[in-house]
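Structure first, commentary second.
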Amino acid sequence: MWRDRVGFSEALDVVRSAREQIWLNGGFLEQLTVFQLCQYSPSLENGHYASWRVKTDRQLKAAGLR
């Protein structure tokens, strides 16, 4: 996505055209969406990324992983 500056949907289409039977983890799909929303430059100053990090940190803490 970053190298070719394509969006999530187009990147997914490229992957699926190379291999139809793929299974992408839901968390990874969410990360790709956030990456696009951050215009390929995630940082804590970006609201989309900051919100995603807070949510992810809460989930990890609830699972006892942080």
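Numbering (full-length UniProt numbering), first residue to last: 1 to 66.
Built from N, CA and C at the ideal position, the CB exists for glycine as well.
Rounded straight-line distance, which links the Cα of residue j to that of residue i
| i | j | result |
| --- | --- | --- |
| Arg19 | Gln31 | 21 Å |
| Gly7 | Gln59 | 27 Å |
| Trp23 | Leu44 | 29 Å |
| Val15 | Gln36 | 16 Å |
| Asp13 | Met1 | 11 Å |
| Val34 | Lys61 | 21 Å |
Cβ neighbours of residue i in the same chain (closer than 6 Å, five flanking residues each side left out)
| i | result |
| --- | --- |
| Gly26 | none |
| Leu11 | Note on residue identity: the sequence assigns Ala, not Leu, to residue 11. Counting only Cβ-Cβ distances below 6 Å, and skipping sequence neighbours, we find Met1. |
Residue i in three-state terms, based on DSSP
| i | result |
| --- | --- |
| Glu45 | coil |
| Glu10 | helix |
Other residues of its chain near residue i: CB distance less than 7 Å, five sequence neighbours each side excluded
| i | result |
| --- | --- |
| Ser51 | none |
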